[in-house]
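S.K.: First the structure, which I've put down as structure tokens, then a few questions once you've had a look.
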Amino acid sequence: MTKLRVAGIGVAAVAALSLTACSGSDTASSGSSSSAPAPAPSSSMAAPSSSMAAADGVTTNADVFGPACSQLPQGSAPGSLDSMGPQPVASAASTNPLLTKLVAAVKATNLVDTLNSQPAITVFAPADPAFAALGDAKFNELAGKPAELAPILQYHVVGKRYDANGLGSAGTLESLNTAGGSLKIEGSGDNMTVNGAKILCGNIPTKNATVFVIDKVLTPGTNK
Numbered sequence: 000m001t002k003l004r005v006a007g008i009g010v011a012a013v014a015a016l017s018l019t020a021c022s023g024s025d026t027a028s029s030g031s032s033s034s035a036p037a038p039a040p041s042s043s044m045a046a047p048s049s050s051m052a053a054a055d056g057v058t059t060n061a062d063v064f065g066p067a068c069s070q071l072p073q074g075s076a077p078g079s080l081d082s083m084g085p086q087p088v089a090s091a092a093s094t095n096p097l098l099t100k101l102v103a104a105v106k107a108t109n110l111v112d113t114l115n116s117q118p119a120i121t122v123f124a125p126a127d128p129a130f131a132a133l134g135d136a137k138f139n140e141l142a143g144k145p146a147e148l149a150p151i152l153q154y155h156v157v158g159k160r161y162d163a164n165g166l167g168s169a170g171t172l173e174s175l176n177t178a179g180g181s182l183k184i185e186g187s188g189d190n191m192t193v194n195g196a197k198i199l200c201g202n203i204p205t206k207n208a209t210v211f212v213i214d215k216v217l218t219p220g221t222n223k
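Next comes the structure, spelled out in structure tokens:
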């Protein structure tokens, strides 16, 4: 990059000297002391844009898909895509009406700060009906045993940020629960599954994560 920059400066300098020489020659031949107005700067020499190509896994509201996405609040209301986007993932999930049980589980295991502080992750978030399938008694039992619940939640998180296209290309992923086995991704788009769980609303953007709401609670060790 340094060589290219130096080379670019050299070419610009030569061009500037050439223009000066030509200008001086024209002025001398015409006998006029007035100088031509400076040319407008080329758009190619404008300051580089502060926007850069999005990193892998970073999505926008336009990328969201799935049958349950219509259940999210609209506009800038809490839990809407516009509201969740600027927030770190655990904070964003706390406003999502599809994820009240997951949020309660995350709080019970003191994982809020852990998730919010991750630089770039993918979260497979079980919707409330997925936890309801376990039964209230089982959920309350797990919530009262953070040491047992935490590894289950960690199995739903991947330490790299993926969008749907990236997931489809990956095939299998390692979760934060390294002892729980890999996550198997099959299909694509609305037909994509994670260990057999269907995606209800995918590609949800948050500040540090891409979220895929799924219809089952994933069980560590089932895909070893």
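The sequence shown maps to residues 0 to 223 in numbering that gives the first Met the number 0.
Using N, Cα and C, we set each Cβ at its ideal position, and we do this for glycine too.
My understanding is that THR209 touches ASN202, with C-beta atoms under 8 Å, so please give their C-beta distance in whole angstroms.
M.R.: Locating residue 209 in the sequence shown gives position 210, counting from the first residue. Locating residue 202 in the sequence shown gives position 203, counting from the first residue. Indeed, because the Cβ distance is near 6 Å, the residues count as touching under 8 Å.
S.K.: Could you say which of LEU133, ALA163, VAL88 lies nearest to PHE64 if we only look at CA atoms?
M.R.: Locating residue 64 in the sequence shown gives position 65, counting from the first residue. Out of LEU133, ALA163, VAL88, ALA163 has the C-alpha closest to the C-alpha of PHE64.
S.K.: Does VAL210 come out as helix, strand or coil in the three-state DSSP assignment?
M.R.: Here residue 210 is taken as the residue at index 211 of the sequence shown, counted from 1. The answer is strand: DSSP assigns VAL210 an E or B state.
S.K.: How is THR121 classed by DSSP in three states: helix, strand or coil?
M.R.: Taking the first residue of the sequence shown as position 1, residue 121 is located at position 122. In the structure shown, THR121 sits in a strand (DSSP, three-state: E or B).
S.K.: Taking its Cβ as the centre, do 16 or more other Cβ atoms sit within 10 Å of SER75, making it buried, or is it exposed?
M.R.: Along the sequence shown, one-based indexing puts residue 75 at 76. It counts as exposed.
S.K.: Can you give the beta carbon distance from PHE211 to PHE130, rounded, assuming they're within the 8 Å contact cut?
M.R.: Indexing the sequence shown from 1 puts residue 211 at position 212. Indexing the sequence shown from 1 puts residue 130 at position 131. Rounded, the Cβ-Cβ distance is 16 Å, inconsistent with contact.
S.K.: Hey, would you say PRO219 sits closer than 8 Å to PRO150, going by beta carbons?
M.R.: As a working note, residue 219 is residue 220 in the sequence shown. As a working note, residue 150 is residue 151 in the sequence shown. Cβ atoms of PRO219 and PRO150: closer than 8 Å.
S.K.: On a Cα-Cα basis, can you pick out the residue from THR99, ASN115, LEU97 that is closest to PRO85?
M.R.: As a working note, residue 85 is residue 86 in the sequence shown. Between PRO85 and the set THR99, ASN115, LEU97, the nearest pair of CA atoms involves ASN115.
S.K.: Rounded to the nearest angstrom, what separates GLY143 and THR94 at their Cα positions?
M.R.: Taking the first residue of the sequence shown as 1, we reach residue 143 at position 144. Taking the first residue of the sequence shown as 1, we reach residue 94 at position 95. Those two C-alpha atoms are separated by around 23 Å.
S.K.: Quick check on ASN139: buried or exposed, where buried means 16 or more other Cβ atoms within 10 Å of its Cβ?
M.R.: Residue mapping note: residue 139 aligns to position 140 of the sequence shown, counting from 1. Exposed is the call here.
S.K.: Tell me the residue span of the alpha helix (DSSP H) that contains THR113.
M.R.: The count along the sequence shown starts at 1 and reaches residue 113 at position 114. Its alpha helix (DSSP H) spans residues 111-115.
S.K.: So, with DSSP's three-state summary, where would you put PRO145?
M.R.: Position 146 of the sequence shown holds residue 145. Here PRO145 sits in helix by DSSP.
S.K.: Along the alpha helix (DSSP H) that carries ALA89, what are the first and last residues, could you check?
M.R.: Against the sequence shown, residue 89 aligns to sequence position 90. Per DSSP, ALA89 belongs to the alpha helix (DSSP H) from 88-92.
S.K.: Express the C-alpha separation of LEU182 and THR221 in angstroms, rounding to a whole number.
M.R.: The residue labelled residue 221 in the question sits at position 222 within the sequence shown. The residue labelled residue 182 in the question sits at position 183 within the sequence shown. Going by the C-alpha atoms only, they are around 9 Å apart.
S.K.: Let me check understanding here. Comparing Cα to Cα, which of PRO72, THR108, ALA107 lies closest to ALA91?
M.R.: Position 92 of the sequence shown holds residue 91. Taking only the C-alpha atoms, the option nearest ALA91 is PRO72.
S.K.: Can you list the alpha helix (DSSP H) stretches of 4 or more residues lying completely in the segment 128-193, in chain order?
M.R.: 135-142, 145-153, 163-169
S.K.: Taking the continuous beta strand (DSSP E) assigned at ALA104, which residues delimit it?
M.R.: Working through the sequence shown from its first residue, we reach residue 104 at position 105. Per DSSP, ALA104 belongs to no beta strand (DSSP E); it is in the alpha helix (DSSP H), 99-107.
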